[in-house]
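Chemist: Per the UniProt record's numbering, the sequence shown starts with residue 1, numbered consecutively.
I'd like to ask some things about the structure below.
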Amino acid sequence: MDTAVVQRSPVLSQLGAIDCDVHPDAPQRADLLPYLDDYWQEIVVSRDVDRLELTNFPTRTRPFFREDWKAAEGRGVEKLRKNLLDPFGLKYAILNCVTGVHAIYDPYLATAICRATNDWLKAEWLDKDPRLRASLVLPMQNPEAAIEEIERFADNKRFVQVLALCQGEMPLGRRYYWPIYEAAQRHGFTLGVHAGSAYRHAPSQSGFLSYLAEDYVHQIQGFAAQVGSFVAEGVLGKFPDMKIVLIESGVSWLPGQMWRMSKDWRGARIEIPWVKEPPAAMVRRQIRMTTQPFDAPRDPKELERIIEHLDADDMLLFSTDYPHPQFEGDAAIPAGFPERLIDRLVRDNALATYPRLEG
């Protein structure tokens, strides 16, 4: 962690911040068994399905947790209160449960695990602290079941977002997924695209990588591909009321992509006539990004230039990426972040992005 790119935030606890990326402890079999019916209980036991964890996004191994947060006493919501909710004075925290369910090939097992995970999130997390909100974990492998899950929780406004991986089966703009987006938009859910790979394809444009350091950096390629897919396939135009949040994507890569997409669109738009305005305008209107990890320059004075290149004060959402070690202490706001935008960053942008947040 480069402490040159973060600053202490002594007033953060007074701002009523909304944390848009918090990771609960990933559930294990014992956690989910009470929320599975008899058939699926037998299946997960007989097949020894226990700790579902993405190889690309492990949650219980180093270096993926902050030592001081890991060492705190308690578990679950109790530990989250001690480490994050109380000391940071959060108004809301959105739980994103990224687990191996996203990579299961069996669409029926994936559906059962997703249903159990959402019921577990409700009972063991949301019901235990009024500040908590969550993303629905959906079986993207099974769009019909994903829609049923959206409908099942449509009246529970504590679920504010539906969750997908940035590197999954296919580009997320494909019409295969559109029925899911239609249901999400109809009920006011935001679409969250989170870092992580199901390893259906190589995580880089040049094949499989050798080291974690490469894999982690190349997540940007996955996010860039998804932004291009959302634009070219017509998702942004088809679902204009749905915001899309890139979670743990970094920030500095997007201005260049917006410029390049708008430039090339002018010469190639005959192929995608449904894209009726420059892609940069569409991205600024509907795409949002969380701030941690923030790929900021070493010199804090240069940070405002990156934000100016985005040319949209409402694109960034405050996050801590708890419990991952992206910063030290309470230094969650990047050094040099313009003071005039702090209220937007920590609170206002989230309220505008998540229609269900205060429902």
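Just so you know, even glycine gets a beta-carbon here, dropped at the ideal spot from N, CA and C.
1) Would the C-beta of LEU54 count as close to the ligand MN, meaning under 8 Å from any of its heavy atoms?
2) Can the beta-carbon of PRO240 be found closer than 9 Å to that of ILE180?
3) Ends of the beta strand (DSSP E) at TYR92?
4) What three-state label does DSSP hand SER319 in the structure shown?
5) Which residue marks the beginning of the alpha helix (DSSP H) containing ARG175, and which one marks its end?
6) Closer than 6 Å by C-beta to ASP314: which residues in its own chain qualify, once you throw out the five before and the five after it? Chain order, please.
7) Buried or exposed: where does MET170 fall if 16 or more other Cβ atoms within 10 Å of its Cβ makes it buried?
8) Sort LEU84, PHE57 and ALA30 by Cα distance to LEU12 and report the nearest one.
9) Check the DSSP bridge columns for ASP264 and list the partner residues they point to.
10) Answer with buried or exposed for ALA296, where buried requires no fewer than 16 other C-beta atoms within 10 angstroms of its C-beta.
11) How many Å lie between GLN326 and PRO334 at the Cα?
12) Per DSSP, which one or two residues make a beta bridge with LEU54?
13) For chain B, find out if any of its Cβ atoms is closer than 9 Å to the Cβ of PRO293; answer yes or no.
14) Beta carbon of HIS23, beta carbon of TYR322: below 9 Å?
15) What whole-angstrom Cβ distance do VAL160 and THR117 have, given they're in contact under 8 Å?
16) Based on DSSP bridge pairs, tell me the residues matched to PRO24.
17) Measuring CB to CB, does GLU248 end up less than 9 Å from THR290?
18) Taking only three categories from DSSP, how would you classify ALA164?
19) Do you know how far the Cα of TYR92 is from the Cα of ARG356?
20) What alpha helix (DSSP H) runs, 4 residues minimum, are completely inside the region 234-301?
21) What's the gap between the Cα of ILE287 and the Cα of LEU310?
22) Grab the span of the beta strand (DSSP E) containing LEU132 for me, first residue to last.
23) May I have the straight-line CA-CA distance separating ALA213 from ALA184, to the nearest angstrom?
24) For a test of the three-state rule: what should DSSP assign to ALA195, helix, strand or coil?
25) Please list the terminal residues of the continuous alpha helix (DSSP H) segment that includes SER229.
26) Just verifying my parser: in three-state terms, what is the DSSP assignment at PRO338?
27) Out of curiosity, what's the CA-to-CA distance linking GLN141 and ARG51?
28) For the alpha helix (DSSP H) containing ALA312, name the first residue and the last one.
29) Assuming LEU136 and GLU151 form a contact by the criterion Cβ under 8 Å, report the distance between their Cβ atoms to the nearest whole angstrom.
30) When you compare the CB positions of TRP125 and GLY76, do they come within less than 9 Å of one another, or not?
31) Roughly how many whole angstroms lie between the Cα atoms of VAL346 and PHE318?
32) Let's test the definition: count the other Cβ atoms within 10 Å of the Cβ of ARG340 and tell me whether it reaches 16, buried, or not, exposed.
Modeler: Based on what the coordinates show:
1) Looking for the ligand MN in the displayed structure turns up nothing, as the structure carries no ligands at all.
2) Residue numbering aside, residue 240 sits at position 240 when the sequence shown is read from its first letter. Residue numbering aside, residue 180 sits at position 180 when the sequence shown is read from its first letter. Contact flag unset, no.
3) Reading the sequence shown from its first residue, position 92 is the one you call residue 92. Per DSSP, TYR92 belongs to the beta strand (DSSP E) from 92-95.
4) As a first step, residue 319 must be located in the sequence shown, where it is residue number 319. Three-state DSSP puts SER319 in coil, outside helix and strand.
5) Along the sequence shown, read from residue 1 onward, the residue named residue 175 stands at position 175. Premise fails: ARG175 is in no alpha helix (DSSP H) and is neither H nor E.
6) Within the sequence shown, numbered from 1, the residue matching residue 314 stands at position 314. Within the same chain, ASP314 has close Cβ partners ASN349.
7) For the purposes of this step, residue 170 is identified with residue 170 of the sequence shown, where counting begins at 1. Classification for MET170: exposed.
8) Position 12 of the sequence shown holds residue 12. Measuring from the Cα of LEU12, the nearest candidate turns out to be LEU84.
9) Position 264 of the sequence shown, counted from the first residue, corresponds to residue 264. Paired residues: none, contrary to the question.
10) Taking the first residue of the sequence shown as 1, we reach residue 296 at position 296. By the 10 Å Cβ count, ALA296 comes out buried.
11) Against the sequence shown, residue 326 aligns to sequence position 326. Against the sequence shown, residue 334 aligns to sequence position 334. Cα to Cα, GLN326 sits roughly 11 Å from PRO334.
12) Here residue 54 is taken as the residue at index 54 of the sequence shown, counted from 1. PHE57, per the DSSP bridge assignment.
13) In the structure shown, chain B does not exist; there is a single protein chain.
14) Indexing the sequence shown from 1 puts residue 23 at position 23. Indexing the sequence shown from 1 puts residue 322 at position 322. Result yes, Cβ atoms of HIS23 and TYR322 sit closer than 9 Å.
15) Counting from one through the sequence shown, the residue named residue 160 turns up at place 160. Counting from one through the sequence shown, the residue named residue 117 turns up at place 117. That belief does not hold up - the Cβ atoms of VAL160 and THR117 are roughly 16 Å apart, past 8 Å.
16) In the sequence shown, counting from the first residue as 1, residue 24 sits at position 24. Beta-bridge pairing links PRO24 to no other residue.
17) Here residue 248 corresponds to residue number 248 of the sequence shown, with the count starting at 1. Here residue 290 corresponds to residue number 290 of the sequence shown, with the count starting at 1. Yes, these two residues count as a Cβ contact at 9 Å.
18) On the sequence shown, residue 164 is found 164 positions in, with the first residue counted as 1. Of the three classes helix, strand and coil, the one that applies to ALA164 here is strand, per DSSP.
19) Locating residue 356 in the sequence shown gives position 356, where the first residue counts as 1. Locating residue 92 in the sequence shown gives position 92, where the first residue counts as 1. When rounded, the distance between both Cα atoms is 12 Å.
20) Counting only runs of 4 or more, we get 235-238, 254-268 and 279-286.
21) Here residue 287 corresponds to residue number 287 of the sequence shown, with the count starting at 1. Here residue 310 corresponds to residue number 310 of the sequence shown, with the count starting at 1. So the two alpha carbons sit approximately 11 Å from each other.
22) Along the sequence shown, one-based indexing puts residue 132 at 132. That run of the beta strand (DSSP E) goes 132-137.
23) Mapped onto the sequence shown, residue 213 falls at position 213. Mapped onto the sequence shown, residue 184 falls at position 184. Cα-Cα distance, rounded: 34 Å.
24) Within the sequence shown, the letter at position 195 stands for residue 195. ALA195: strand per DSSP, three-state reduction.
25) Counted from its first residue, the sequence shown places residue 229 at position 229. From DSSP, the alpha helix (DSSP H) with SER229 extends over 219-232.
26) Your numbering for residue 338 matches position 338 in the sequence shown. The answer is coil: DSSP assigns PRO338 none of H, G, I, E or B.
27) Here residue 141 corresponds to residue number 141 of the sequence shown, with the count starting at 1. Here residue 51 corresponds to residue number 51 of the sequence shown, with the count starting at 1. Inter-residue distance for GLN141 and ARG51 is about 20 Å (C-alpha atoms, whole angstroms).
28) Walking along the sequence shown from the start, residue 312 turns up at place 312. No alpha helix (DSSP H) contains ALA312, which DSSP labels as neither H nor E.
29) Residue numbering aside, residue 136 sits at position 136 when the sequence shown is read from its first letter. Residue numbering aside, residue 151 sits at position 151 when the sequence shown is read from its first letter. No, LEU136 and GLU151 are not in contact; Cβ-Cβ is about 11 Å, not under 8 Å.
30) Position 125 of the sequence shown, counted from the start, is the residue given in the question as residue 125. Position 76 of the sequence shown, counted from the start, is the residue given in the question as residue 76. In this structure, GLY76 lies closer than 9 Å to TRP125 by Cβ.
31) For this step, residue 346 is matched to residue 346 along the sequence shown. For this step, residue 318 is matched to residue 318 along the sequence shown. If I take the Cα positions, the gap works out to 5 Å.
32) For the purposes of this step, residue 340 is taken as residue 340 along the sequence shown, with counting starting at 1. Residue environment: ARG340 is assigned as exposed (fewer than 16 neighbouring CB atoms within 10 Å of its CB, all protein chains considered).
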